[in-house]
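Chains as they are written, first to last, in our numbering: chain A, 685 to 799; chain B, 968 to 1080. Every residue gets a Cβ at the ideal spot worked out from N, C-alpha and C, and that includes glycine. Every value quoted in this text rests on a predicted model; they were computed, and no experiment measured them. To start, the structure under review is shown below, and the notes come after it.
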Amino acid sequence: SQKIEQNSEALNIQEGKTATLTCNYTNYSPAYLQWYRQDPGRGPVFLLLIRENEKEKRKERLKVTFDTTLKQSLFHITASQPADSATYLCALVWGSGAGSYQLTFGKGTKLSVIP
Amino acid sequence: EAGVVQSPRYKIIEKKQPVAFWCNPISGHNTLYWYLQNLGQGPELLIRYENEEAVDDSQLPKDRFSAERLKGVDSTLKIQPAELGDSAVYLCASSLIRTDTQYFGPGTRLTVL
């Protein structure tokens, strides 16, 4: 069966350190993989997208890697700040025909950055 | 640019009562999605519209859930009758047709007593 797993439900790190979140999947052939941030009481907000033929993507303090052989994506936040505390969701994007796409989300990892 | 608007933000009802949620997508976005999110879980797709057409409603429990998107803009999701297990956050998202980045609204938190 298809499965998306994010490595842990919660991750606590010290301010200034690099946070690394993991997303593993089985029995999917995604076209892309996305990472979203979700704050309490709000909807997910898109952060980064990485395609199957890309190894790495960066945006400011964020870096995403995508290994289709390992079926894994790593999401890094460097120089983490308390404001980075949130739940981070990975989502597999796969074609559903006629040029449309669907997202399947993982459960998310709740990151807490401790001052 | 205004984001996806949802109302109400919170709703408390007793079981067996009906409830409706409303979504106004980002202007120009042809594709609209309704998701259900349980506590500690990721969003799960209920239904996807492209313009007025429901192109994927395979995960919508059709015995009690219904949705419509008249005129291809706003959408309403209804539950009748509500059950205790329907307590969750209902998220609406929109995107340009045939692209993949979705923009989410704040959600409606439903509590069924």
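From the beta carbon of residue i, is the nearest beta carbon of chain B less than 8 Å away?
i: R721/A; result: no
i: R742/A; result: no
i: P766/A; result: no
i: L787/A; result: yes
i: K791/A; result: yes
i: V777/A; result: yes
i: Y709/A; result: no
From residue i to residue j, what does the alpha carbon distance come to, in whole angstroms?
i: D723/A; j: C1059/B; result: 16 Å
i: N711/A; j: K739/A; result: 20 Å
i: Y1002/B; j: P1010/B; result: 6 Å
i: K701/A; j: R742/A; result: 17 Å
i: T1068/B; j: Q718/A; result: 9 Å
i: G995/B; j: L1063/B; result: 7 Å
i: E981/B; j: K1029/B; result: 20 Å
i: L1037/B; j: T1043/B; result: 9 Å
i: C990/B; j: Q973/B; result: 5 Å
i: E736/A; j: G1072/B; result: 28 Å
i: T752/A; j: D768/A; result: 27 Å
i: S1078/B; j: G1052/B; result: Just to set this straight, residue 1078/B is Thr in the shown sequence, not Ser. Answer to the nearest angstrom: the Cα atoms are 9 Å apart.
Note down, in chain order, every chain B residue with its Cβ under 7 Å from the Cβ of residue i.
i: L773/A; result: G1009
i: R726/A; result: P1073
Quick one: list the residues of chain B neighbouring residue i, beta-carbon separation under 8 Å, in chain order.
i: L733/A; result: D1067, T1068
i: F730/A; result: T1068, Q1069, Y1070
Pull up the CB-CB distance for residue i and residue j, whole angstroms please, since I reckon it's below 8 Å.
i: L999/B; j: S1061/B; result: 5 Å
i: L705/A; j: L787/A; result: So it is not a contact: roughly 17 Å between Cβ atoms.
i: V777/A; j: P714/A; result: 6 Å
i: V1040/B; j: Q1004/B; result: Wrong, their Cβ atoms sit about 23 Å apart, outside the cutoff.
Is residue i close to chain A? Criterion is C-beta to C-beta, closer than 8 Å.
i: L1012/B; result: yes
i: L999/B; result: no
i: L1003/B; result: no
Taking residue i as the reference, give the member of the options with the closest Cα.
i: Y709/A; options: I697/A, I798/A, F789/A; result: F789/A
i: Q1047/B; options: F988/B, R1076/B, R976/B, V971/B; result: F988/B
i: C774/A; options: D751/A, A694/A, Q686/A, L732/A; result: L732/A
i: A763/A; options: I697/A, Q690/A, L776/A; result: I697/A
i: L1012/B; options: G1039/B, V1040/B, L1027/B, K983/B; result: L1027/B
i: G792/A; options: Q756/A, V729/A, Q690/A; result: Q690/A
Applying a beta-carbon distance threshold of less than 9 Å, which residues of chain B neighbour residue i?
i: Y716/A; result: D1067
If the cut is a Cβ gap below 8 Å, which residues of chain A does residue i touch?
i: G1052/B; result: Those do not exist, as G1052/B stays about 18 Å from chain A at its closest Cβ, beyond 8 Å.
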